[in-house]
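Enquirer:
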Amino acid sequence: MIPLSSPYLRRSNSTRRIMRLVLLSLLPGIAVYAALIGPALLIQILLASLAALGFEFAVFFLRKRPARAALTDHSALVSAWLIALTFPPLSPWWLTITGVFFAIVITKQLYGGLGQNPFNPAMVAFAVCIIAFPALMSQWPAMSLSLSLPEQLELIFGFAPRLDALTSATPLDVIKTVLQKTAGITHGTVQELLMSQNLYGTFAGRGWEWVATAYLVGGVFLLIMGVITWHVPLAFIASMTLIALVFWIIDPSRFSAPLFHLFSGGSMLGAFFIATDPVSGCATPRGKIIFGIGAGLLAYLIRVFGVFPDGIAFSILLMNLCAPLLDSMSQPAVFGSRPQVRVPGEKTP
Amino acid sequence: MDVLTAIAILTLGAALLGAALGFAAVHFRVEGNPLTEKIAALLPQTQCGQCGYPGCKPYAEAIAQGGADINLCAPGGEDGVRKIAELLGLEIKPLAEGAAQKPPAVARIVEDRCIGCTLCIQACPVDAIVGAAKQMHTVISSLCTGCELCLPPCPENCIEMLPVQETTENWAWRYPARVPALPPLALSPAASGENSC
Amino acid sequence: MSSYIFLLISAVLVNNIVFVKILGLCPFMGVSKKRETAYGMGVATTFVLTFATGACFVIDHHLLTPFGLDYLRTIAFIITIAAVVQLTEMIIAKTSPALQQTLGIYLPLITTNCAVLGVPLLNISRDHGFVESLLFGAGSAIGFSLALILFAGIRERMESADIPRPFQGAAIAMITAGLMSLAFMGFAGLDR
Amino acid sequence: MLKRPLAFRGGIRLAHHKYESAHSPIASAPLPERLILPLRQSAGRAPEPIVREGDRVKKGDRIAAAEEWISASLHAPTSGTVRAIGPFPVAHPSGLSAPAIVIEADGADEWGEKTPLLDSPARSAANRAALSPEETQRFLQNMGVVGLGGAVFPSHVKLSRAPNTPLQTLIINGAECEPFITCDDRLMRERADDVISGTLFLRDLLEVKETLIAVENNKPEAADALRAALARADAAREIRDVAVMELPAIYPAGSIKQLIFALTGKRAPAHVLPTALGVQCFNAATVYCVWRAVAHGEPVTHRVVTLTGNVEHPGNMEVPLGMPMGQLLALARPRPETDACIVGGPMMGFLLTDERAPVVKGSNCLIARSDAFFPPLEPETSCIRCTSCAQVCPQGLQPYELYWWSRAKNSEKAARYQLMECIECGCCAYVCPAHIPLVQYFRFAKGEVRAAEKAQDMAARAKERFEFRQLRAEREKAERAEKLARAAALQAEKLALAAVTDTDSPANAQTPTTENAP
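Residue numbers (numbering that gives the first Met the number 0), protein chains in the order written: chain A, 0 to 348; chain B, 0 to 196; chain C, 0 to 191; chain D, 0 to 517.
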């Protein structure tokens, strides 16, 4: 087939390739995470992926449209993987599938599918589930816990009682709960408190710091491949660092260091993989920077002062709300509409 | 007693508020309806009267006063209805029955049948027909809005509507079709062999 | 001072009148198709709401309570609000015909905007003083405008999205409002 | 003068594909039997034919004369007989026909009278003071000189001076930034002296301070040839203010706004002509034609066309205007899998819809298309707003927004995102990972915007005329009423007078009533 209108040349690139690169750059994070937590993560990823493809197919079937292109563009997989990575790895199977349903069907396909959803599907899934099932969504296995594959499978698919003993507080939980309980009692800096609970690693939460580092590596790969631009991650990291620094300087016994915040929870995943989602985020350079700043600030505020253990999902959803407005207000100047260079010798009227 | 106080206070309040409203109604009175002009600006100004009103402005007035439906203007088409609906915050409607949008056309007088009666000149709302009594008349096609108002008065039926032809000058690109249809060109090597230098 | 700030944050974000209190949904759904109308409605509502809260406070504290007519509160408030809306409409019609036009039939809708009645009633139930009442009223109104404008921004983009037939129009707008509400739940706890 | 060209925003690096057609010299195309000369070969109004069917014409004879300022004349490319004047298939994306003059060649190729502008020693290259700019402009209009870069704007119009801004810079555009096209490259290499002479002629005419000849750095031979020619001209008389500038080969370096910025640092705002910035720009081939016209009296009857793509013998040919394109491309022997012919470059050209359509002044290149050279159509997928398009847009637009609204046929919204500033260079569609034919959406939406503007104009004019008509009707009515009133008043006065005279004689006191009776 011959294209009707010029240009007749095209760079070989495709949405599928972009999505594949995103998946590829998630691999280091997945590898480290899985090494720490066990094969449960991989099971969750598989589960989420299958569910995502199934839901996509179902929607296209109901709409009587060919599903092939949508199923092979890997965009559903990206959402699915992000859900698997943000949900507790030992969540029961139905929780993951509920999340995927909200992501793929409600948030993405009801708005017309790829490229038209105003909200990030994975983050809607997270927000829905943490509000609907707060207890399940905060059962994070202890990093030191080593369960065998059958045990993990039983927890995910079986009816085994969910033992609270298996789960432990994440470093972010500790900051929130323990600090509030011990308000007024001097216990040194936050870092010392975490150390006392054996939750502090080299520079941030034990174990989690390496997962975050692996996400950072993947994110830099995405940057180098040109899939994302520097605006959002840089603005996100900078704003989060800055606000954390301010509070840390004010009171190091109540607030933890910026480095800790950057490498805890979903900060790195959010900065490089979620806030950079082009569909639900801002598209203009200035809009992207504001988006990143807003997401970074809100994530910190919600994480530290709000009721939820981590603020990434809500901060990104809140910035998603603002994205259309930010975009239209930050339209860059069209070439030539800036004040032109003065022509020498030209008389000014 | 309580009931009486309640009634008294409510009456007092109502009277006060009523007085304030009454004052405002006098003081902040607005003359005319600025909506009419805005609606008129969205109408195609063909003055064709197909909407049932004697011109575009009367129709605009009728819409502004809420008397007329917004989907009566055939030359404005669906796009025109959409614009009026957007202006007034109403739901978009399909064009009214019988108000189908026709392809743009201009009137032309078949000159050898024209008897110079000037009836069409009097009918033309935009003075796009020139001519004098007992002389042949001509439509200035660049001014003609295609309203067809000159057709009924003509005793000789000598005015015809010519659809505007597409030329390379007024042609515009089409909406991209998902599957373009273009016949392959006969640039076969056999053809090229005959003319090779 | 800081309590005032937290009150404002609470009214605008944490307890957003639309997304958390789920009040004032008719104008929220009706006037959010275009951003220009949303701005206008936001301004008008902010004005009416702030003014109405003040007026209602005065009426409640200096007219109804002294005479023990608390049971007339709802009807008295409704009358007050209706009058304020009428006044606003006339003033806008005189001063800004453009705004009057963009607001169209929605300006009288403010009368039936439950947020405008809800906020003065909430003020009474929370024992807010006059300044607090005004702040709460203004904050709720700003929160309403914010919700409206953000929603309008998203809806303008959605206008040309390929939404499945059964969900077009009000259905997807409701879902969007729900998801926005979900996002606003993230603010929970930030007013303490 | 800038030491080196500035980099404009956006743009893309493309595989040049220039070597294939640029390595052999310009050949002469054989004279076809019939030449089809569409009247409209330039921007503005088409010229009016001044020949009739059956007229004999000689090569270079004027066959259609410009009747408006923005219009250029048309000439017979060879001697022969006018066979027909009427609609004929033309090279246009629409595939529609347009009025044309058909000349049957007699094979003699006999020149008519040549009247160069610089016809005597008094009016030579050395002494041009005797020429008035207006005379030159009229001469070039009669010679049919138009921009040969593709926009075909009549060149004489561009020689008018802006009322307030003195011209600073003359730019000769030899960038030829689109891949595959090499006609200007070969022309600059082989006929550098004429190009330089034309450049100097325009420089003297426009009295500019500096003259810059822009050549992309993938054409070093052309730049060298121009420099050598410049040195030869310099030997005759000192030239200090003309320079050959080599631009980095980033598409679209030859687009006028981008070129002006790269060479002068001036940004042309929306809807502002370059002359308002003190810059004027001519294509290199146009400059060549200017010189052939003024010095040799040769109107524009031929042009160099690149034949390339999926062909056995890519190269450049000097082609008489009016030669059918299918016949021309056949000279380069298209290979078997050729399935279409692109007229113009691969980034901004269009597909030939009829092989009988003739070469016109704006046809710079014919490319035989095949899937090996050009990727076949891939299904359009959803835009994910990846903003690749915005990153390469040389105009600083947001094509993904334009697409969003153009796709929804909401051209008003698209226009608000500056749709009309789009130069249709195709960079956005080139990089789009979703394979969206962005430019076609924009062309469609632009058409809608123009149609809406036209409808708006029509409506405004109709309204004005209608209101005036009503006013007139009312005035006439008022006048008539006034006349009636006056007549009535006169009558009443007369009656009153009569009554007065009657009352004088009481005997006739009853008569008025009988008089008044109908």
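Ideal Cβ positions, reconstructed from N, Cα and C, are used throughout, including at glycine.
(1) The segment 369-397 of chain D: which residues have C-beta closer than 8 Å to a C-beta of chain C, in chain order?
(2) Could you spell out where the beta strand (DSSP E) holding C:Asn122 opens and where it closes?
(3) Can you tell which of D:Phe281, D:Cys392 and D:Arg406 has its C-alpha closest to the C-alpha of D:Ala150?
(4) Quick one: using the 10 Å Cβ neighbour count with 16 as the cut-off for buried, is D:Tyr18 buried or exposed?
(5) Is it right to say D:Ser381 is buried, meaning 16 or more other beta carbons lie within 10 angstroms of its own, or is it exposed?
(6) List the residues that DSSP assigns as beta-bridge partners of D:Gly308.
(7) According to DSSP, is D:Thr300 part of a helix, a strand, or is it coil?
(8) Counting only beta-carbon separations shorter than 8 Å, does D:Tyr440 have a partner in chain B?
(9) May I ask you to check if the CB of D:Glu377 is nearer than 7 Å to at least one heavy atom of the ligand NAP?
(10) Which residue's Cα is closest to the Cα of A:Val127: A:Ile105, A:Ile289, A:Ser255 and A:Gly111?
(11) When the Cα atoms are used, what is the spatial distance from D:Gly197 to D:Arg226?
(12) Name, please, each residue of chain C whose Cβ falls closer than 7 Å to the Cβ of A:Val278.
(13) Using a C-beta cutoff of 8 Å, does C:Ser31 count as contacting chain D?
(14) Using a Cβ-Cβ distance cut-off of 8 Å, determine whether C:Met40 contacts chain B.
(15) Return no unless some Cβ of chain C is closer than 8 Å to the Cβ of B:Ile8.
(16) Identify the contact partners of C:Ser180 in chain D, using a Cβ-Cβ distance below 9 Å as the criterion.
(17) Within 8 Å (strictly less), CB to CB, does A:Gly286 reach chain C?
(18) Using the DSSP secondary-structure output, state which residues sit across from A:Tyr199 in a beta bridge.
(19) Are D:Val304 and D:Leu327 touching if we call contact CB-CB under 8 Å?
(20) Please state the DSSP three-state secondary structure of C:Val19.
(21) Which residues in the same chain as D:Ile180 place their Cβ atom closer than 7 Å to its Cβ, once the five residues preceding and following it in sequence are excluded?
(22) Roughly how many angstroms lie between the CA atoms of A:Glu191 and A:Ile174, to the nearest whole one?
(23) Are D:Val310 and D:Ala367 touching if we call contact CB-CB under 8 Å?
(24) Excluding the 5 residues preceding and the 5 following C:Ala92 in the sequence, name in chain order all residues of the same chain whose CB lies nearer than 7 Å to its CB.
(25) Excluding the 5 residues preceding and the 5 following C:Met28 in the sequence, name in chain order all residues of the same chain whose CB lies nearer than 8 Å to its CB.
(26) So for D:Cys548, helix, strand or coil by DSSP?
(27) Can you pull the chain C neighbours of D:Asn409, defined as C-beta to C-beta under 7 Å?
(28) Quick one: what's got a C-beta closer than 6 Å to B:Cys153's C-beta in the same chain, skipping five residues either side?
(29) At a CB distance below 7 Å, what residues from the segment 11-24 of chain B approach chain C? Give them in sequence order.
(30) Kindly indicate which three-state DSSP category D:Glu206 falls into: helix, strand or coil?
(31) What are the residues in the segment 1-20 of chain A lying within 8 Å of chain D by C-beta distance?
(32) At which residues does the beta strand (DSSP E) containing A:Phe54 begin and terminate?
(33) Measure the alpha-carbon distance for C:Tyr70 versus C:Tyr3 and round it to whole angstroms.
(34) In the DSSP output, which residue or residues are listed as bridge partners for D:Trp110?
(35) On the DSSP bridge assignment, give the partners of D:Glu189 in chain order.
(36) Could you tell me which of D:Arg266, D:Ala191, D:Gly321 and D:Ala252 sits nearest to D:Pro76, measuring between CA atoms?
Expert: Inspection of the coordinates gives the following:
(1) none
(2) What you label residue 122 of chain C is simply residue 123 of the third sequence in a count that begins at 1. No beta strand (DSSP E) contains C:Asn122, which is instead part of the alpha helix (DSSP H) from Cys113 to Ser124.
(3) To locate residue 150 of chain D, count along the fourth sequence from 1; it is residue 151. Between D:Ala150 and the set D:Phe281, D:Cys392 and D:Arg406, the nearest pair of CA atoms involves D:Phe281.
(4) Translated into positions along the fourth sequence, residue 18 of chain D becomes position 19. So D:Tyr18 ends up on the exposed side.
(5) Along the fourth sequence, one-based indexing puts residue 381 of chain D at 382. With 16 or more Cβ atoms within 10 Å of its Cβ, D:Ser381 is classed as buried.
(6) Counted from its first residue, the fourth sequence places residue 308 of chain D at position 309. Beta-bridge partners of D:Gly308 (DSSP): D:Ala367.
(7) Within the fourth sequence, residue 300 of chain D is the residue found at index 301, counting from 1. Coil, per DSSP.
(8) In the fourth sequence, the residue the question calls residue 440 of chain D occupies position 441. Interface flag for D:Tyr440 against chain B is set, since a Cβ pair is found closer than 8 Å.
(9) The ligand NAP is absent from the structure shown, which contains no ligand whatsoever.
(10) As a position in the first sequence, residue 127 of chain A is number 128, starting the count at 1. Nearest of A:Ile105, A:Ile289, A:Ser255 and A:Gly111 to A:Val127, Cα basis: A:Ile105.
(11) As a first step, residue 197 of chain D is located in the fourth sequence; it is residue number 198 there, counting from the start. As a first step, residue 226 of chain D is located in the fourth sequence; it is residue number 227 there, counting from the start. Cα to Cα, D:Gly197 sits roughly 14 Å from D:Arg226.
(12) By 1-based counting over the first sequence, the position of residue 278 of chain A is 279. Here the premise fails: no neighbours, minimum Cβ distance about 11 Å.
(13) In the third sequence, counting from the first residue as 1, residue 31 of chain C sits at position 32. So, not an interface residue.
(14) Within the third sequence, numbered from 1, the residue matching residue 40 of chain C stands at position 41. For C:Met40, the answer is no, since every Cβ of chain B falls outside 8 Å of its Cβ.
(15) As a working mapping, residue 8 of chain B is identified with position 9 in the second sequence. Output row for B:Ile8: interface = yes.
(16) Position 181 of the third sequence, counting from 1, holds the residue named residue 180 of chain C. Going along chain D, no residue has its Cβ under 9 Å from C:Ser180, so there is no contact; the nearest lies around 25 Å.
(17) Taking the first residue of the first sequence as 1, we reach residue 286 of chain A at position 287. No, A:Gly286 does not count as interfacial toward chain C.
(18) Here residue 199 of chain A corresponds to residue number 200 of the first sequence, with the count starting at 1. Per DSSP, A:Gly204.
(19) By 1-based counting over the fourth sequence, the position of residue 304 of chain D is 305. By 1-based counting over the fourth sequence, the position of residue 327 of chain D is 328. In this structure, D:Leu327 lies closer than 8 Å to D:Val304 by Cβ.
(20) Along the third sequence, read from residue 1 onward, the residue named residue 19 of chain C stands at position 20. In this structure, C:Val19 counts as coil in the three-state DSSP scheme.
(21) For this step, residue 180 of chain D is matched to residue 181 along the fourth sequence. These residues qualify, in order along the chain: Thr305, Gly344, Asn363 and Cys364.
(22) What you label residue 191 of chain A is simply residue 192 of the first sequence in a count that begins at 1. What you label residue 174 of chain A is simply residue 175 of the first sequence in a count that begins at 1. Each residue's Cα considered, the two are about 11 Å apart.
(23) As a working mapping, residue 310 of chain D is identified with position 311 in the fourth sequence. As a working mapping, residue 367 of chain D is identified with position 368 in the fourth sequence. Yes, the Cβ-Cβ distance between D:Val310 and D:Ala367 is below 8 Å.
(24) Numbered from its first residue, the third sequence carries residue 92 of chain C at position 93. Apart from the 5 residues on each side of it in sequence, C:Ala92 sits with its Cβ closer than 7 Å to the Cβ of Gln99 in its chain, given in chain order.
(25) Position 29 of the third sequence, counting from 1, holds the residue named residue 28 of chain C. Contacts found: Ala169, Ala172, Met173 and Ala176.
(26) This structure cannot speak to residue 548 of chain D, because chain D is shown only from 0 to 517.
(27) Along the fourth sequence, read from residue 1 onward, the residue named residue 409 of chain D stands at position 410. Going along chain C in sequence order, the residues near D:Asn409 (Cβ under 7 Å) are Ser159.
(28) Taking the second sequence and counting its residues from 1, one reaches residue 153 of chain B at position 154. Cβ neighbours of B:Cys153 beyond the five flanking positions: Cys119.
(29) Gly12, Ala13, Leu16, Ala19, Leu20, Ala23 and Ala24
(30) Counting from 1 along the fourth sequence, the entry for residue 206 of chain D is found at position 207. In this structure, D:Glu206 counts as coil in the three-state DSSP scheme.
(31) Hits within the stretch, in order: Ile1, Pro2, Leu3, Ser4, Ser5, Pro6, Tyr7, Leu8, Arg9, Arg10, Ser11, Asn12, Ser13, Thr14, Arg16 and Ile17.
(32) As a working mapping, residue 54 of chain A is identified with position 55 in the first sequence. Looking at the DSSP string, A:Phe54 is not in any beta strand (DSSP E); the run it does join, the alpha helix (DSSP H), is Ala39 to Leu61.
(33) One-based indexing of the third sequence puts residue 70 of chain C at position 71. One-based indexing of the third sequence puts residue 3 of chain C at position 4. In a straight line, the C-alpha of C:Tyr70 is about 30 Å away from that of C:Tyr3.
(34) Here residue 110 of chain D is taken as the residue at index 111 of the fourth sequence, counted from 1. According to DSSP, D:Trp110 bridges with D:Lys58.
(35) Position 190 of the fourth sequence, counted from the first residue, corresponds to residue 189 of chain D. Answer by DSSP bridge pairing: none, since D:Glu189 is not bridged.
(36) One-based indexing of the fourth sequence puts residue 76 of chain D at position 77. Cα-wise, what sits closest to D:Pro76 is D:Gly321.
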